[in-house]
Amino acid sequence: RVPVLCGFSEQVVPRPPDWDAHVQMTGWWLPEAPAWVPPAELVRFLEAGSPPVFIGFGSMPVRDPARTTATLIEAVRLSGRRAILHAGWAGLGGRDFAGGALSADIFPLTFAPYGWLFPKMAALVHHGGSGTTGFGFASGVPSLVVPFIFDQFYWGARAAEMGVGPKPIPFSHLTAERLAAAIQTAVTDLEMRRRAADLGQKLRAENGVARAVEIIQTF
Numbered sequence: 034r035v036p037v038l039c040g041f042s043e044q045v046v047p048r049p050p051d052w053d054a055h056v057q058m059t060g061w062w063l064p065e066a067p068a069w070v071p072p073a074e075l076v077r078f079l080e081a082g083s084p085p086v087f088i089g090f091g092s093m094p095v096r097d098p099a100r101t102t103a104t105l106i107e108a109v110r111l112s113g114r115r116a117i118l119h120a121g122w123a124g125l126g127g128r129d130f131a132g133g134a135l136s137a138d139i140f141p142l143t144f145a146p147y148g149w150l151f152p153k154m155a156a157l158v159h160h161g162g163s164g165t166t167g168f169g170f171a172s173g174v175p176s177l178v179v180p181f182i183f184d185q186f187y188w189g190a191r192a193a194e195m196g197v198g199p200k201p202i203p204f205s206h207l208t209a210e211r212l213a214a215a216i217q218t219a220v221t222d223l224e225m226r227r228r229a230a231d232l233g234q235k236l237r238a239e240n241g242v243a244r245a246v247e248i249i250q251t252f
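Written as C-alpha cells, this is what we have:
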C-alpha cells in the first residue's frame, strides 16, 4: 500500500472502483505562471481579430514537417479561422514547407506559456500530452486532440466523451478537411463551449501541487 499520487483530476478521470485509498488523484500539477512579457507582434496579432485557434504538437516529431505544415495551413484556410501555429519539436511553420510564407491569418509561435495563451484561444488543437491536456482543460476552451502515441489517445477520448472537444483525429489519419471540420465544431458548438468553460472553472479551483504536498507531509 505504497501511496500513489496521480497528477490529474477526478473531474476528468472517473475513479476506478478497485482503487483503494492509497491511490489518490490530486488534480493536475500545473506550474505557476512565469513572469513573462509577450512579444509585441503576438499581442498585435491577438488584438487584430477574433480569437485564433492554437495548433501545436509539442514534443512530437513528424517525418515530414513541410508536408504537415502545409496540411495544417490548408485546414486553417478551409475553416475560415485565424490560427497560432506552434513550432514545437517538429519545427512546424518553417520556411521550407510547401507553399512558401505563412498567411497573415497564421502567427508562427516559438514559445508562450500555455497558462497565459490557451484561455485567449477560440479552440485548441494539440497532441494530447498529459501536461498540455491539463492546461487545455483548465483553460476552459474546447480541445481537439490529435494523438500520436500512448496515453494521448486516452486524453483525446476523454475530451470527446465529456463533450469538451470534438472526436480526436489520430495523426496518422489527419487531413486538412477533417481538421477544418473539427475546428469548426470546436469553435461554433455552443454546448461544447459551455461544457469546456464549466470544466475549466472546476479545474482552476483545484491545486494539484498543494494537494500532493499535503498528502506527502501527512504520510
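Residue numbers (our numbering): 34 to 252.
For every residue, glycine included, the Cβ atom is placed at its ideal position computed from N, Cα and C.
If you measure from the beta carbon of E80 to each beta carbon in chain C, is any gap under 8 Å?
Within the model displayed, chain C is absent; a lone protein chain is all it includes.
Report buried or exposed for A54, applying the criterion of at least 16 other Cβ atoms within 10 angstroms of its Cβ.
The residue in question, A54, is exposed, as its Cβ has fewer than 16 Cβ neighbours within 10 Å.
Residue range of the beta strand (DSSP E) that includes M58
It spans 56-58 - the beta strand (DSSP E) in which M58 sits, taken as one unbroken run.
What's the gap between the Cα of G121 and the Cα of N240?
Spanning the two alpha carbons is a distance of roughly 27 Å.
So V95 packs on I216, CB below 8 Å; how close in whole Å?
Not confirmed; about 19 Å, so no contact.
Where V46 falls, given that 16 or more other Cβ within 10 Å makes a residue buried:
The C-beta of V46 has fewer than 16 other C-beta atoms within 10 Å across all chains shown, which makes the residue exposed.
In terms of residues, what are the limits of the alpha helix (DSSP H) holding I106?
I106 -> alpha helix (DSSP H) spans 98-112.
Runs of alpha helix (DSSP H) lying entirely within the region 148-182, each at least 4 residues, in chain order
Those alpha helix (DSSP H) runs which fall completely within the region 148-182 and span 4+ residues are 163-172.
Which residue's Cα is closest to the Cα of A155: G40, A238, F90, A219?
Residue A219 is the option with its Cα nearest to A155.
Coarse secondary structure for A219, derived from DSSP in three states:
Here A219 sits in helix by DSSP.
Span of the beta strand (DSSP E) around A238:
Counting along the chain, A238 falls outside any beta strand (DSSP E), and DSSP gives it neither H nor E.
Would you give the residue range spanned by the beta strand (DSSP E) that A116 belongs to?
A116 -> beta strand (DSSP E) spans 116-119.
Look up F41 in the DSSP assignment and say whether it is helix, strand or coil.
In the structure shown, F41 sits in coil (DSSP, three-state: anything other than H, G, I, E or B).
Whose C-beta lies closer than 8 Å to the C-beta of A66 among residues of the same chain, with five residues either side of it excluded?
Closer than 8 Å at the Cβ level, and outside the excluded window around A66, lie P146, G148, W149.
Start and end residues, beta strand (DSSP E) containing V86
From DSSP, the beta strand (DSSP E) with V86 extends over 86-88.
What separation, rounded to the nearest whole angstrom, lies between the Cα atoms of I249 and G173?
Cα to Cα, the separation comes out at about 29 Å.
Unbroken alpha helix (DSSP H) run spanning F144, endpoints
That residue, F144, is in no alpha helix (DSSP H); it is neither H nor E in DSSP.
Contact belief for H159 with G60 at Cβ below 8 Å, rounded distance in angstroms:
Incorrect: roughly 20 Å between the Cβ atoms, too far for contact.
Closest Cα partner of L212 within the set A230, G198, F170, L236
The shortest Cα separation from L212 among A230, G198, F170, L236 belongs to G198.
Buried/exposed call for T143, threshold 16 Cβ in 10 Å:
By the neighbour-count rule (16 or more Cβ atoms within 10 Å), T143 is not buried but exposed.
Rounded straight-line distance, which links the Cα of P152 to that of D129
At D129, the pLDDT of 49 sits below 50, so the modelled position is not reliable and the matter cannot be decided from this model.
I believe L157 touches F140 by the beta-carbon criterion, under 8 Å. Please report the beta-carbon distance rounded to the nearest angstrom.
Taking the Cβ atoms as the reference, L157 lies roughly 15 Å from F140, outside the contact range of under 8 Å.
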